[in-house]
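If you count by this note's numbering, then the sequence shown holds residues 16 to 205, one letter each, in order.
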Amino acid sequence: MKNPWEGKKVLITGVCGTVGSELLRQVAQLEPAEVIGIDNNESELFFQGIEYRSDNNIHFYLCDIKNKDSLTKYFVGIDIVLHSAARKHVIINEMSPTETIYTNIIGTQNVIDAAILHNVQRVIFTSSDKAVNPTNVMGTSKLMGERLMTAANASKRSKYPIFSSTRFGNVLGSNGSVIPIFKKQILAGG
């Protein structure tokens with residue numbers, strides 16, 4: 016069976032996050048021609064660069080998906096986009112809903128627009144289980160991201176890009192998950 020990642024140019028948004036960094040680890044093993052990782056966390060980008068310094072086909076760039084002009088230039092020649100950049104902390108997003116909207120909705124639309132402009136083959140959006148009957152800003156923003164992906168497929172005028180979404184639950188080891196909170200409560204006796 017042919018490896019669908021072999022020889023492809025892959026862009027990962029949110030490459031420093033829990034999901035993005037794991038996507039990078041997995042994709043790097045699949046023999047892509049190049050992987051470009053973008054994130055707005057300059058400290059973590061620095062450490063990612065150190066970790067992957069021996070891989071000549073992996074490159075990291077400081078970029079915020081809210082900045083459409085900056086974002087778009089990284090899509091040139093890209094085959095596959097794994098879009099994992101997001102604001103994910105439910106409580107923080109409730110306190111800063113505008114920032115969540117700009118990142119999770121407008122940022123996602125920026126990814127879609129850049130993919131269309133540069134005729135990317137596929138865009139995969141990492142959504143959340145919170146998008147099911149959302150009760151908070153984060154869940155609503157993720158549902159909107161899914162809807163934007165669906166609308167992009169419905170309105171496209173050529174074969175590519177193909178847009179899709181996948182939903183994640185709480186991710187073990189994630190610093191945005193409830194799992195560490197539960198663990199701490201259990202260790203504290205309750």
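Yeah, the Cβ is synthetic: ideal placement off N, Cα and C, and Gly gets one too.
Exposed or buried, VAL50, counting other C-beta atoms within 10 Å across all chains shown (16 or more means buried)?
Here the question's residue 50 lines up with position 35 in the sequence shown. VAL50 sits buried, since 16 or more C-beta atoms from the chains shown fall within 10 Å of its C-beta.
Residue range of the beta strand (DSSP E) that includes GLU49
In the sequence shown, counting from the first residue as 1, residue 49 sits at position 34. 49-54 is the extent of the beta strand (DSSP E) around GLU49.
How would you write the range of the beta strand (DSSP E) that ILE27 sits in, first residue to last?
Looking up residue 27 in the sequence shown gives position 12. For ILE27, the enclosing beta strand (DSSP E) covers residues 24-28.
Leaving out the 5 sequence neighbours to the left and right, which residues in its chain are closer than 8 Å to GLN44 when beta-carbon positions are compared?
Within the sequence shown, the letter at position 29 stands for residue 44. Taken in chain order, the list of residues that qualify is empty.
VAL34 beta carbon near the ligand SAM (any heavy atom closer than 7 Å):
By its list of ligands, the structure shown contains no ligand whatsoever, and the ligand SAM lies outside what it can speak to.
Check the C-beta distance from GLU109 over to PHE140 and give it rounded, since I have them as a contact under 8 Å.
Looking up residue 109 in the sequence shown gives position 94. Looking up residue 140 in the sequence shown gives position 125. In fact, because the Cβ distance is near 22 Å, the residues do not count as touching under 8 Å.
Under the three-state DSSP convention, the category THR123 falls into:
Counted from its first residue, the sequence shown places residue 123 at position 108. Reduced to three states, the DSSP call for THR123 is helix.
Using the beta-carbon count (16 or more within 10 Å), is VAL135 buried or exposed?
Residue numbering aside, residue 135 sits at position 120 when the sequence shown is read from its first letter. Burial of VAL135 is indicated by the presence of at least 16 other C-beta atoms within 10 angstroms of its C-beta.
On a CA-only basis, which of VAL126, VAL91, LYS174 and GLY32 is nearest LEU60? Give me that one, please.
One-based indexing of the sequence shown puts residue 60 at position 45. Nearest of VAL126, VAL91, LYS174 and GLY32 to LEU60, Cα basis: GLY32.
Starting from the Cα of SER156, find the closest Cα among TYR117, VAL138, PHE62 and GLY52 and give me that residue.
Position 141 of the sequence shown, counted from the first residue, corresponds to residue 156. The residue with the shortest Cα to Cα distance from SER156 is TYR117.
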